[in-house]
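Peer 1: Counting with our numbering, you get residues 1070 to 1759 for the letters of the sequence shown. Backbone N, C-alpha and C fix where the C-beta goes; we use that ideal spot for every residue, glycine too. One structure coming up, written as structure tokens, with questions to follow.
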Amino acid sequence: MSPSKSASILDTRILVPALGGAVRKLDPSSLARNPVMFVVAVVSALTTVLFLRDLTTGGASLGFSFQIVIWLWFTVLFANFAEAVAEGRGKAQAESLRRTRTETQAKLLSGDDRAKFRIVPGNSLKVGDVVIVEAGDIIPSDGEVIEGVASVNEAAITGESAPVIRESGGDRSAVTGGTQVLSDWIRVRITAAAGSTFIDRMISLVEGAERQKTPNEIALNILLAGMTLIFVLATATIPSFASYAGGYIPVIVLVALFVTLIPTTIGALLSAIGIAGMDRLVRFNVLAMSGRAVEAAGDVDTLLLDKTGTITLGNRQATQFRPVRGVTEQELADAAQLASLADETPEGRSIVVLAKETYGIRARDMASLHATFVPFTAQSRMSGVDLDGSSIRKGAVEAVLKHVDAGAVATGSTRASGETIREIQGIADEIAKAGGTPLAVVRDGRLLGVIHLKDIVKGGIKERFAELRRMGIRTVMITGDNPMTAAAIAAEAGVDDFLAQATPENKLALIREEQAKGKLVAMCGDGTNDAPALAQADVGVAMNTGTVAAREAGNMIDLDSDPTKLVEIVEIGKQLLMTRGALTTFSIANDVAKYFAIIPAMFLAFYPQLGALNVMGLQTPQSAILSAIIFNALIIVALIPLSLKGVKYRPVGAGALLSRNLLIYGLGGIIVPFVGIKAIDMAISAIGLV
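Okay, structure coming up:
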């Protein structure tokens, strides 16, 4: 199952169940969660009772009343349908997840001997139990690797077929129930009780069962409820005005006016917008633990980004050979390549490629040279090769200089000249100031020069940061590099600020400092040392490959473990807020046309002068009222795709966004009802419905 793919809203597997769901949501306890639609349902029930009374007593205008009643109930059903469609997409994803969740057998250990275990049902495991999982076995529940290393297929969670490494004692120790070990074995300590595993939580979240209203959504609901109450009072005063003019306005007409003027459009779509926001994150393989986190992402002011793997490619690459005086670049490149032929790190491979592409130095027969490769160690901070009568080393400048000095002392030979050492150090300083990493190369005690390793900034990342800046978001790069190197990379990447030589305490202090200024902060992390900062951040995105502590601390989990996705998460959050704001604007603007449709129709018999307000030229008072109530219901259905897909995101400032919102959805909300109501009026008049 790949969560990145979401079913279309036109899929019959979603639409058909949603029709039944719309009817089931007529349950008052379900409707009560939406104040606006609950009031619409109440007045719809009232008009139904009045219609049935008139039907038995032979009242007038039964056909007109019947149509009003039908369209009032359609308004409620369409609102329920919008929410049911949004939930249906999540349920389709949840069903795919359920198919991946199998009842597995677990090898429960009772001691330290991994050969001594007993087979038990996976759902009987308790927190703290230790199981052994071998090649071909399904991991029975969520846990943490406490011994061993293995490759694991996590396609059931991430949709990615390539296996990943899980091992003990690092930041890649967390494993998820339902995934499969492909090679070797691991000892796993269970960290989740039955029914509360990662997949269980994921199913509940994508189904919407645990979706809680966000603070902004609650505030908007209160506002809509207040507006509804105002219109209740306003509508209740209309009969007295009509009585004063010597007339009478039927209750069903008053109800029609009331329903078309309250914010039914946004009230009907508000829940669907929130559900769709979380659904968009799931399609990006990001699991939000609450709607609050999605909403907070849209309001983020400060974005903390780790340098490696987010801003840079994560692997440094050789870009230049810098020889000292008396040494040619060809000679330096030849020695550097020989020292790197057995170096399987990305940096080592890039040195071999650079020498080959720049100087045409091809691979040579190492067997004839009787080469012995020297691997890199944390103690020596060097690697290299010993040939027949020759020794080549490459590594950190300080380590190489010590190696040269020690070799000279041991052999009694002449030490490297102070001039050469100063030249090497000068080149190294230049490279460091440019944001690179210098590697010195020595052959048989002779310093040849320096290799320039560079953190490659990802293509287009500078433009993305410029977009975030236009949105008013401040970007801060976090790195363990020294301040000089960090400053150079920050300048190249275009971030607003950087935190060098960062420790967990530094990160936590920076987040608290930003929050003390009233800002919302987002960051990502994967290690146990990131957990405090993830918990403190308003939007904490934990990598799925990370530790249990990190995943528990964050309020979002990136199933792909891609730190760059933090930018997309912010964009999805902003899209959620933009969609809610745009449809609220459209809904309120709709009322203008409805005033011109219903108000003249209601009072025309008492105040003929109001006929001048019939700017749409609607046929009759009854057709005007019916057209407005039909449009009010149909616009909900028309806007369902937009509420689920979201308003198109554009990285612009708040002022430009407000102007665009008012122009498209404010002006559009005024114009569209005029056109729609007029078209409906012509249609119902032509077929004789009024």
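Should alanine 1314 go down as buried or exposed, given a rule of 16 or more other Cβ atoms within 10 Å for buried?
Peer 2: Numbered from its first residue, the sequence shown carries residue 1314 at position 245. By the 10 Å Cβ count, alanine 1314 comes out exposed.
Peer 1: Rounded to the nearest angstrom, what separates leucine 1423 and leucine 1711 at their Cα positions?
Peer 2: Within the sequence shown, residue 1423 is the residue found at index 354, counting from 1. Within the sequence shown, residue 1711 is the residue found at index 642, counting from 1. C-alpha separation (whole angstroms): 51 Å.
Peer 1: Please classify proline 1677 as buried or exposed, where buried requires at least 16 other C-beta atoms within 10 Å of its C-beta.
Peer 2: Numbered from its first residue, the sequence shown carries residue 1677 at position 608. Exposed, by the Cβ-count rule.
Peer 1: How do the segment 1587 to 1598 and the segment 1367 to 1378 stand: do at least 3 beta-carbon pairs fall below 8 Å, yes or no?
Peer 2: Touching, per the Cβ criterion.
Peer 1: What residue from Ser1242, Thr1117, Asn1222, Leu1470 has the CA that sits closest to valine 1320's CA?
Peer 2: As a position in the sequence shown, residue 1320 is number 251, starting the count at 1. Among Ser1242, Thr1117, Asn1222, Leu1470, the Cα nearest to that of valine 1320 belongs to Thr1117.
Peer 1: Please classify aspartate 1566: does DSSP put it in a helix, a strand, or coil?
Peer 2: As a position in the sequence shown, residue 1566 is number 497, starting the count at 1. Strand, per DSSP.
Peer 1: What residues are listed by DSSP as bridge partners for proline 1392?
Peer 2: For the purposes of this step, residue 1392 is taken as the residue at position 323 of the sequence shown. For proline 1392, which the question treats as bridged, DSSP gives the partners Gly1518.
Peer 1: Under 8 Å by Cβ, that's how I've got alanine 1261 and valine 1196 pegged, so tell me the actual separation to the nearest angstrom.
Peer 2: As a position in the sequence shown, residue 1261 is number 192, starting the count at 1. As a position in the sequence shown, residue 1196 is number 127, starting the count at 1. That belief holds up - the Cβ atoms of alanine 1261 and valine 1196 are roughly 7 Å apart, short of 8 Å.
Peer 1: Entirely within the segment 1239 to 1318 and at least 3 residues each: give me those beta strand (DSSP E) ranges in chain order.
Peer 2: List check, beta strand (DSSP E) in window: 1249 to 1259.
Peer 1: For the candidate residues Gly1336, Phe1700, Gln1691, Ser1130, whose alpha-carbon lies nearest to that of threonine 1654?
Peer 2: Residue numbering aside, residue 1654 sits at position 585 when the sequence shown is read from its first letter. Comparing Cα positions, the closest option is Gly1336.
Peer 1: For glutamine 1136 and leucine 1695, which I take to be in contact (beta-carbon distance under 8 Å), what is that distance rounded to the nearest angstrom?
Peer 2: Looking up residue 1136 in the sequence shown gives position 67. Looking up residue 1695 in the sequence shown gives position 626. About 6 Å separates the two Cβ atoms, so the contact holds.
Peer 1: Unbroken alpha helix (DSSP H) runs of length 4 or more, entirely within the segment 1575 to 1661: which are they?
Peer 2: Counting only runs of 4 or more, we get 1600 to 1605, 1617 to 1622.
Peer 1: What would DSSP say about alanine 1748, mapped onto helix, strand or coil?
Peer 2: Walking along the sequence shown from the start, residue 1748 turns up at place 679. Three-state DSSP puts alanine 1748 in a helix.
Peer 1: So if DSSP puts proline 1190 in a beta bridge, which residue, or which two residues, is it bridged to?
Peer 2: Counting from 1 along the sequence shown, the entry for residue 1190 is found at position 121. According to DSSP, proline 1190 bridges with Gln1174.
Peer 1: Where alanine 1362 and valine 1510 are concerned, what is the direct C-alpha to C-alpha distance, given to the nearest angstrom?
Peer 2: Residue mapping note: residue 1362 aligns to position 293 of the sequence shown, counting from 1. Residue mapping note: residue 1510 aligns to position 441 of the sequence shown, counting from 1. If I take the Cα positions, the gap works out to 50 Å.
Peer 1: Which runs of the beta strand (DSSP E) spanning at least 3 residues fall entirely within the segment 1339 to 1364, listed in chain order?
Peer 2: Correct list: 1355 to 1357.
Peer 1: From the DSSP output, which residues share a beta bridge with proline 1507?
Peer 2: One-based indexing of the sequence shown puts residue 1507 at position 438. Beta-bridge pairing links proline 1507 to His1521.
Peer 1: Measuring alpha carbon to alpha carbon, tell me which residue in Thr1427, Arg1431, Gly1429, Asp1455 is nearest histidine 1439.
Peer 2: Counting from one through the sequence shown, the residue named residue 1439 turns up at place 370. Of the candidates Thr1427, Arg1431, Gly1429, Asp1455, the one whose C-alpha sits nearest the C-alpha of histidine 1439 is Asp1455.
Peer 1: Can you tell me where the beta strand (DSSP E) with leucine 1373 in it begins and where it stops?
Peer 2: Taking the first residue of the sequence shown as position 1, residue 1373 is located at position 304. Where leucine 1373 is concerned, the enclosing beta strand (DSSP E) stretches over 1371 to 1375.
Peer 1: Name the DSSP bridge partner or partners of leucine 1407?
Peer 2: Indexing the sequence shown from 1 puts residue 1407 at position 338. Answer by DSSP bridge pairing: none, since leucine 1407 is not bridged.
Peer 1: Valine 1202 and leucine 1251: beta carbons closer than 8 Å?
Peer 2: Indexing the sequence shown from 1 puts residue 1202 at position 133. Indexing the sequence shown from 1 puts residue 1251 at position 182. No, the Cβ-Cβ distance between valine 1202 and leucine 1251 is not below 8 Å.
Peer 1: Could you give the first and the last residue of the continuous alpha helix (DSSP H) run that contains asparagine 1701?
Peer 2: In the sequence shown, counting from the first residue as 1, residue 1701 sits at position 632. 1690 to 1714 is the extent of the alpha helix (DSSP H) around asparagine 1701.
Peer 1: Note down, in chain order, each residue of its chain lying with its Cβ closer than 6 Å to the Cβ of glycine 1738, except the 5 sequence neighbours on either side.
Peer 2: For the purposes of this step, residue 1738 is taken as the residue at position 669 of the sequence shown. If we look at glycine 1738 and ignore the five residues flanking it on each side, its Cβ neighbours are Phe1655, Ala1658, Asn1659.
Peer 1: So for glutamine 1494, helix, strand or coil by DSSP?
Peer 2: Translated into positions along the sequence shown, residue 1494 becomes position 425. In the structure shown, glutamine 1494 sits in a helix (DSSP, three-state: H, G or I).
Peer 1: With the cut-off set at 8 Å, would you say alanine 1060 and threonine 1334 are in Cβ contact?
Peer 2: Within the shown structure, residues of the chain are numbered from 1070 to 1759, placing residue 1060 beyond reach of any answer.
Peer 1: Under the assumption that leucine 1638 contacts alanine 1341 (Cβ atoms under 8 Å), give the Cβ distance between them as a whole number of angstroms.
Peer 2: Numbered from 1 along the sequence shown, position 569 holds the residue referred to as residue 1638. Numbered from 1 along the sequence shown, position 272 holds the residue referred to as residue 1341. Per the sequence shown, residue 1638 should be read as isoleucine rather than leucine. With 8 Å as the limit, isoleucine 1638 and alanine 1341 do not qualify as a contact, their Cβ atoms being about 21 Å apart.
Peer 1: Please determine whether the Cβ atom of asparagine 1701 lies at a distance below 7 Å from any heavy atom of the ligand NAD.
Peer 2: As for the ligand NAD, it is missing from this structure, which has no ligand bound.
Peer 1: Let me make sure I understand the geometry here. Which of Ile1580, Ala1662, Ala1600 has the alpha-carbon closest to that of leucine 1373?
Peer 2: In the sequence shown, the residue the question calls residue 1373 occupies position 304. The shortest C-alpha separation from leucine 1373 is found at Ile1580.
Peer 1: Please report the straight-line C-alpha distance between alanine 1408 and lysine 1502, rounded to a whole angstrom.
Peer 2: Along the sequence shown, read from residue 1 onward, the residue named residue 1408 stands at position 339. Along the sequence shown, read from residue 1 onward, the residue named residue 1502 stands at position 433. Going by the C-alpha atoms only, they are around 26 Å apart.
Peer 1: Quick one: give me the first and last residue of the alpha helix (DSSP H) that arginine 1418 is part of.
Peer 2: Within the sequence shown, numbered from 1, the residue matching residue 1418 stands at position 349. Counting along the chain, the alpha helix (DSSP H) containing arginine 1418 begins and ends at 1415 to 1428.
Peer 1: By how many angstroms is the C-alpha of glutamine 1389 removed from the C-alpha of valine 1636?
Peer 2: Residue mapping note: residue 1636 aligns to position 567 of the sequence shown, counting from 1. Residue mapping note: residue 1389 aligns to position 320 of the sequence shown, counting from 1. Their backbone Cα atoms lie some 32 Å apart in a straight line.
Peer 1: Can the beta-carbon of isoleucine 1215 be found closer than 8 Å to that of arginine 1256?
Peer 2: Position 146 of the sequence shown, counting from 1, holds the residue named residue 1215. Position 187 of the sequence shown, counting from 1, holds the residue named residue 1256. Cβ distance < 8 Å, so isoleucine 1215 and arginine 1256 count as in contact.
Peer 1: Give a yes or no on whether the C-beta atoms belonging to tyrosine 1734 and glutamate 1640 are separated by under 8 Å.
Peer 2: Taking the first residue of the sequence shown as position 1, residue 1734 is located at position 665. Taking the first residue of the sequence shown as position 1, residue 1640 is located at position 571. No. Outside cutoff.
Peer 1: I need the boundaries of the alpha helix (DSSP H) containing lysine 1717, first residue and last residue.
Peer 2: The residue you call residue 1717 lines up with position 648 of the sequence shown. Looking at the DSSP string, lysine 1717 is not in any alpha helix (DSSP H), and its letter there is neither H nor E.
Peer 1: Using the Cα positions of glycine 1650 and alanine 1748, report the straight-line distance between them to the nearest angstrom.
Peer 2: Within the sequence shown, the letter at position 581 stands for residue 1650. Within the sequence shown, the letter at position 679 stands for residue 1748. Roughly 27 Å separates the two Cα atoms.
Peer 1: Any idea what DSSP makes of glutamine 1678, helix, strand or coil?
Peer 2: Your numbering for residue 1678 matches position 609 in the sequence shown. Residue state, collapsed to three classes: helix.
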